[in-house]
Amino acid sequence: MKKFLKKYTRYLIGFEVARCLFPGFSYHGGIQTLLLAVLVFSLLQRFLKPVFKLLLLPFNLLTLGFFRWVTDALTFFFVPLIIKNVQLSAWQFNGWEFQGFIIPQIHFPIATAYIFTPLIISLVSHYFLWLNQ
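Each residue of the sequence shown is one higher than the one before, starting from 0 at the first, in numbering that gives the first Met the number 0.
Structure (C-alpha coordinates):
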(Lines of atoms letter the chains of each structure in order from A and count residues from 1; the text may use other names and numbers.)
(Lines give C-alpha, C1' and ligand atoms only; values in the text may rest on other atoms or scores of the structure.)
Protein backbone atom coordinates (compact mmCIF):
# COMPACT_ATOMS: atom_id res chain seq x y z
CA MET A 1 0.00 0.00 0.00
CA LYS A 2 2.88 2.34 0.78
CA LYS A 3 4.36 1.78 -2.69
CA PHE A 4 0.99 2.53 -4.31
CA LEU A 5 0.63 5.76 -2.32
CA LYS A 6 4.09 6.89 -3.37
CA LYS A 7 3.25 6.26 -7.03
CA TYR A 8 -0.12 7.96 -6.60
CA THR A 9 1.56 11.05 -5.16
CA ARG A 10 4.11 11.16 -7.98
CA TYR A 11 1.34 10.87 -10.59
CA LEU A 12 -0.67 13.54 -8.78
CA ILE A 13 2.23 15.96 -9.01
CA GLY A 14 2.80 14.93 -12.64
CA PHE A 15 -0.83 15.60 -13.57
CA GLU A 16 -0.74 19.04 -12.01
CA VAL A 17 2.59 19.94 -13.65
CA ALA A 18 1.24 18.75 -17.01
CA ARG A 19 -1.87 20.89 -16.57
CA CYS A 20 0.23 23.95 -15.74
CA LEU A 21 2.79 23.48 -18.53
CA PHE A 22 0.67 22.08 -21.33
CA PRO A 23 -2.35 24.01 -22.67
CA GLY A 24 -3.84 20.95 -24.42
CA PHE A 25 -4.55 19.14 -21.13
CA SER A 26 -7.26 20.23 -18.72
CA TYR A 27 -9.71 18.87 -16.20
CA HIS A 28 -12.94 20.38 -14.90
CA GLY A 29 -14.53 19.73 -11.54
CA GLY A 30 -11.72 20.73 -9.24
CA ILE A 31 -9.61 18.61 -6.97
CA GLN A 32 -12.12 15.73 -6.94
CA THR A 33 -11.67 15.21 -10.67
CA LEU A 34 -7.91 15.40 -10.33
CA LEU A 35 -7.83 12.84 -7.52
CA LEU A 36 -10.19 10.50 -9.39
CA ALA A 37 -8.23 10.83 -12.65
CA VAL A 38 -4.95 10.07 -10.89
CA LEU A 39 -6.55 7.09 -9.14
CA VAL A 40 -7.81 5.72 -12.47
CA PHE A 41 -4.42 6.34 -14.08
CA SER A 42 -2.64 4.60 -11.18
CA LEU A 43 -4.92 1.57 -11.41
CA LEU A 44 -4.50 1.42 -15.18
CA GLN A 45 -0.74 1.64 -14.71
CA ARG A 46 -0.94 -1.22 -12.23
CA PHE A 47 -3.05 -3.56 -14.37
CA LEU A 48 -2.73 -2.53 -18.05
CA LYS A 49 0.88 -1.36 -18.22
CA PRO A 50 2.35 -4.89 -17.84
CA VAL A 51 0.24 -6.05 -20.80
CA PHE A 52 1.38 -3.10 -22.93
CA LYS A 53 4.99 -3.64 -21.88
CA LEU A 54 4.79 -7.25 -23.01
CA LEU A 55 3.21 -6.31 -26.34
CA LEU A 56 5.77 -3.56 -26.99
CA LEU A 57 8.78 -5.54 -25.79
CA PRO A 58 10.35 -5.94 -29.27
CA PHE A 59 10.18 -2.17 -29.91
CA ASN A 60 11.52 -1.45 -26.45
CA LEU A 61 14.47 -3.79 -27.01
CA LEU A 62 15.23 -2.29 -30.42
CA THR A 63 15.23 1.25 -29.07
CA LEU A 64 17.09 0.31 -25.87
CA GLY A 65 14.28 1.47 -23.60
CA PHE A 66 13.52 4.76 -25.36
CA PHE A 67 10.11 3.41 -26.40
CA ARG A 68 9.10 2.92 -22.74
CA TRP A 69 7.09 6.14 -22.53
CA VAL A 70 4.70 4.78 -25.18
CA THR A 71 3.30 2.38 -22.57
CA ASP A 72 2.44 5.41 -20.42
CA ALA A 73 0.84 7.09 -23.43
CA LEU A 74 -1.28 4.02 -24.17
CA THR A 75 -2.34 3.81 -20.55
CA PHE A 76 -3.12 7.54 -20.40
CA PHE A 77 -5.30 7.22 -23.51
CA PHE A 78 -7.99 5.51 -21.41
CA VAL A 79 -8.17 8.21 -18.71
CA PRO A 80 -10.25 10.76 -20.72
CA LEU A 81 -12.46 7.92 -21.92
CA ILE A 82 -13.25 6.86 -18.34
CA ILE A 83 -13.28 10.30 -16.66
CA LYS A 84 -15.33 12.69 -18.79
CA ASN A 85 -14.06 15.83 -17.03
CA VAL A 86 -10.49 15.17 -18.16
CA GLN A 87 -10.04 16.71 -21.59
CA LEU A 88 -7.32 16.79 -24.18
CA SER A 89 -7.61 19.27 -27.02
CA ALA A 90 -5.76 20.76 -29.95
CA TRP A 91 -3.76 23.82 -29.03
CA GLN A 92 -1.85 26.65 -30.60
CA PHE A 93 1.60 27.98 -29.82
CA ASN A 94 1.45 31.73 -30.45
CA GLY A 95 5.07 32.04 -31.43
CA TRP A 96 8.07 33.55 -29.74
CA GLU A 97 10.69 36.13 -30.63
CA PHE A 98 13.90 36.98 -28.81
CA GLN A 99 16.69 39.17 -30.21
CA GLY A 100 16.08 38.19 -33.80
CA PHE A 101 15.39 34.53 -33.06
CA ILE A 102 11.84 33.81 -34.21
CA ILE A 103 9.67 30.75 -33.67
CA PRO A 104 6.51 31.12 -35.76
CA GLN A 105 2.96 30.42 -34.67
CA ILE A 106 2.22 26.67 -34.77
CA HIS A 107 -1.07 24.79 -34.48
CA PHE A 108 -0.79 21.40 -32.78
CA PRO A 109 -3.47 18.73 -33.34
CA ILE A 110 -5.01 16.67 -30.55
CA ALA A 111 -2.55 13.82 -31.19
CA THR A 112 0.21 15.96 -29.71
CA ALA A 113 -1.81 16.24 -26.50
CA TYR A 114 -1.91 12.44 -26.29
CA ILE A 115 1.87 12.37 -26.78
CA PHE A 116 3.11 15.28 -24.66
CA THR A 117 0.80 14.95 -21.63
CA PRO A 118 1.86 11.40 -20.64
CA LEU A 119 5.45 12.30 -21.52
CA ILE A 120 5.38 15.19 -19.03
CA ILE A 121 3.66 13.03 -16.40
CA SER A 122 6.24 10.29 -16.92
CA LEU A 123 9.20 12.69 -16.71
CA VAL A 124 7.91 14.30 -13.51
CA SER A 125 7.08 10.92 -11.97
CA HIS A 126 10.52 9.51 -12.76
CA TYR A 127 12.18 12.67 -11.47
CA PHE A 128 10.47 12.32 -8.09
CA LEU A 129 11.26 8.60 -8.07
CA TRP A 130 14.91 9.50 -8.60
CA LEU A 131 14.74 12.07 -5.78
CA ASN A 132 13.17 9.52 -3.44
CA GLN A 133 15.90 6.91 -3.93
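Glycine residues also receive a C-beta, built at the ideal position from the N, C-alpha and C atoms.
With respect to the beta strand (DSSP E) encompassing residue i, which residues constitute its N-terminal and C-terminal limits?
i, result
"I120", "Careful: I120 lies outside any beta strand (DSSP E), inside the alpha helix (DSSP H) at 109–131."
"I102", "100–102"
"F97", "95–97"
"F24", "24–26"
"F92", "90–92"
Does the Cβ of residue i have 16 or more other Cβ atoms within 10 Å, making it buried, or fewer, making it exposed?
i, result
"P49", "exposed"
"Q98", "exposed"
"L80", "exposed"
"P117", "buried"
"A17", "buried"
"F14", "buried"
"Q132", "exposed"
"L11", "buried"
Between the beta-carbon of residue i and the beta-carbon of residue j, is there less than 8 Å?
i, j, result
"R9", "L122", "no"
"V39", "I105", "no"
"L87", "A112", "yes"
"F51", "T70", "yes"
"F66", "L55", "yes"
"I109", "A89", "yes"
State the Cα-Cα distance for the pair residue i and residue j, rounded to the nearest angstrom.
i, j, result
"Q31", "N84", "10 Å"
"L42", "K1", "14 Å"
"W95", "I114", "22 Å"
"Q91", "P103", "11 Å"
"F75", "G28", "19 Å"
"L35", "P22", "20 Å"
"S25", "L63", "32 Å"
"I101", "F46", "45 Å"
Return the first residue and the last residue of the alpha helix (DSSP H) that residue i is part of.
i, result
"F3", "1–20"
*Which full runs of the alpha helix (DSSP H) of 4+ residues lie inside the region 36–84, going along the chain?*
DSSP runs (the alpha helix (DSSP H)) wholly in the region 36–84: 48–54, 56–61, 68–81.
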